[in-house]
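Below is one structure, written out as structure tokens, with a few remarks after it.
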Amino acid sequence: MLCVCRLLPALFFLSSASQLRTLQSPPSHPMDFPYSSQTITHHVVALPIPSRGHINPMMCLCNSLASLNAADSNINLLVTLIVTEEWLGFIGSDPKPDNVVFATIPNVIPSEIGRGADSPSFYETVLRKIRAPVEDLLDRLEPPVTALIADTHIVWSIEIGNLRNIPVASLWTMSASVYSVFHFFDLLVQHRHFPVNLAGT
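In terms of mature numbering (1 follows the signal peptide of the UniProt record, and there is no 0), the sequence shown is residues -17 to -1, 1 to 184.
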């Protein structure tokens, strides 16, 4: 898996003529798509965990990527954000660039409303139940997907990318310090800093 910053140059500056595809039909989403007669050079799909603290930063990244269209005339980028039908109801009317669109999967997971009562169970359900509808959607999207940006917690995103020969980038939505703790967790255990002795003895 690549970090987003390493994937971007490959996404936007190393495309070949064979990667240019004319959009024949809109992506599988309920929104109007304004580029039916244009040529898309890159189609990036964003796959967040269906949760507020994960969708919001992924949406910010999608909006930033979409701005590349205006910055470089050689780039005609489409960004598709995969959300559940419930989440489309929450954010579907929010303002966004024209080249950012939504694609939906069914509500196969617990509702965002009240899911915080059992977060571990929610995340386990997400990882177990959204894979099949996500894979089905990826295979139906047009134009074909050229890159996938997935939440770091969606560990099977690498496998579904490899199966389709799609490069995968990982988006870590928490702070760098939290990432560092997880990355070096083995050292915390090795030096007996974990488990933490809160009793002070």
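Note that CB positions come from ideal geometry on N, CA and C, so glycine has one too.
A quick note: this is a predicted structure, and the numbers were derived from the prediction, not measured.
Look at the alpha carbon of residue i and the alpha carbon of residue j, and state the distance between them as a whole number of angstroms.
i    : j    : result
F167 : I141 : 22 Å
R35  : K112 : 18 Å
M41  : P150 : 17 Å
S94  : V164 : 30 Å
A130 : N90  : 24 Å
T22  : S104 : 43 Å
E125 : V161 : 37 Å
L146 : L120 : 14 Å
W155 : V128 : 21 Å
S158 : C43  : 15 Å
V179 : V172 : 10 Å
P78  : L61  : 16 Å
N39  : F73  : 11 Å
L110 : E118 : 13 Å
N57  : L51  : 10 Å
Would you mind stating whether residue i and residue j have Cβ atoms separated by less than 7 Å?
i    : j    : result
D101 : P31  : no
A86  : T63  : yes
I70  : P33  : Going by the sequence as given, residue 70 is Trp instead of Ile. Yes.
V83  : A49  : yes
N59  : T24  : yes
I132 : A29  : yes
R114 : W139 : yes
Using the Cβ count rule (16 or more neighbours within 10 Å means buried), how would you classify residue i?
i    : result
S153 : buried
C45  : buried
G144 : buried
A26  : The amino acid occupying residue 26 in the given sequence is His; Ala does not appear at that position. Buried is the call here.
L170 : exposed
I65  : buried
F177 : exposed
Taking residue i as the reference, which of the options has the closest Cα?
i    : options                 : result
I137 : A159, H37, V27 and D77  : H37
R123 : I132, I88 and Y106      : I88
D81  : G72, W139, S47 and N180 : S47
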